[in-house]
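For reference, the structure is listed below as structure tokens.
2 protein chains.
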Amino acid sequence: MSAQNICPRFEKATELLGKRWVALIVYDLMSGPRRFGEIDADLANLSGKMLAERLKELETEGIVKRDVYPETPVRIEYSLTEKGKALEPILGEITKWSSEWIELN
Amino acid sequence: MSAQNICPRFEKATELLGKRWVALIVYDLMSGPRRFGEIDADLANLSGKMLAERLKELETEGIVKRDVYPETPVRIEYSLTEKGKALEPILGEITKWSSEWIELN
DNA sequence: ATTATTTATTACTTTTTGTAAGTAAGTATA
DNA sequence: TATACTTACTTACAAAAAGTAATAAATAAT
């Protein structure tokens, strides 16, 4: 009989953060701006295709900013916006939880 | 040249929490034990198939506990373990972030 | 035995993700 | 001039995950 309504903002947030690779990409960008190839190298199992797709989505959501530097060869830097940086406490709590509860085999 | 290694515990945690529906199911269970049908009703777009699958996975991960009460009809209660309850600060930060940064159309 | 209720499971379709090769733009090198 | 190099993507196709709807299993009251 009881119906627990879930806050639509929370739901939207989990749709965003719950997409595969998103948390790891944001985590990677927390330490500062990074290039496509660097992120790709940091996240071993992430393919260029998915990285491109996720970066585009994150840009659309206003979480990531894309800057082009017409150098040789072209340098494209991805960085977090204010909205993206504001995710830090979430990642911090995930780090805490994982260090306490996740054991590696 | 620089390679940002991502903590394997963090990575494992995001694999878990980043799976579709997981955050919402855990959020729903935060308010106390719930039956299959109740969770299903709370999460409008979640199918019974996926709920069954996710609950099984969460049980395997030690986040959710399943209790059978042989009543009429049978009552099966899902609840959070200590490990599951420990996710609360993460959900709390997601709630905070979403209330500040997510706008509804 | 039949029925009711809740908790799943199965068969099938659609969507998402993975993999690997290929393209585009701009330089430098032969 | 041509080729090869670097970075940042795209594309085509295969595999895996998720969505949908019908069906089954479990239990006990009638």
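So the protein lines, in turn, are chains A and S. First residue of the first sequence? That's 1 in full-length UniProt numbering, and the numbers climb one at a time after it. First residue of the second sequence? That's 1 in full-length UniProt numbering, and the numbers climb one at a time after it. By construction, the Cβ of each residue, glycine as well, lies at the ideal position given by its N, Cα and C atoms.
Runs of beta strand (DSSP E) with 3 or more residues, each lying fully within the UniProt domain "HTH hxlR-type" (7-105) of chain S, are found at 64-69 and 75-80, listed in chain order. Interface criterion not met: the Cβ of R75 of chain A is under 8 Å from no Cβ in chain S. With fewer than 16 other CB atoms across the displayed protein chains lying within 10 angstroms of its CB, E100 of chain S is exposed. Within chain S, the residues placing a beta-carbon under 8 Å from that of L43 of chain A are I6, ordered along the chain. With fewer than 16 other Cβ atoms inside 10 Å of its own Cβ, G48 of chain S counts as exposed. For S98 of chain A, the chain S residues whose Cβ falls inside 8 Å of its Cβ are C7, R9, F10, K12 and A13, in order along the chain.
With its beta carbon at least 8 Å from every one in chain A, Y69 of chain S lies outside the interface. Against chain S, the beta carbon of I25 of chain A has no neighbour under 7 Å; the closest one sits roughly 10 Å away. Rounded to the nearest angstrom, the gap between the Cα atoms of N45 of chain S and R35 of chain S is 17 Å. Within chain A, no residue has its CB atom less than 7 Å from the CB of K56 of chain S, the nearest being about 18 Å off. Taking 8 Å as the upper bound for CB-CB distance, E57 of chain S and R66 of chain S are not in contact here, some 12 Å apart. One alpha carbon belongs to F10 of chain S, the other to T72 of chain S, and they sit about 43 Å apart. Excluding five sequence positions before and after T81 of chain S, the CB atoms of its chain that fall closer than 8 Å to its own CB belong to G62, I63, V64 and K65, given in chain order. For D40 of chain S, not one C-beta of chain A is nearer than 8 Å to its own C-beta. One alpha carbon belongs to K12 of chain S, the other to I6 of chain S, and they sit about 10 Å apart. Rounded to whole angstroms, the separation of the alpha carbons of Y27 of chain S and A23 of chain A is 18 Å.
Here the alpha carbons of I76 of chain S and E38 of chain A stand approximately 48 Å from one another. For S98 of chain S, the number of other beta carbons within 10 angstroms of its own is at least 16, and it is reported as buried. An exposed status is given to E103 of chain A, since fewer than 16 other beta-carbon atoms sit within 10 Å of its beta-carbon. Close partners of T95 of chain A in chain S (Cβ separation under 9 Å): C7, R9, F10 and A13. P8 of chain S and L43 of chain S have their C-alpha atoms roughly 31 Å apart.
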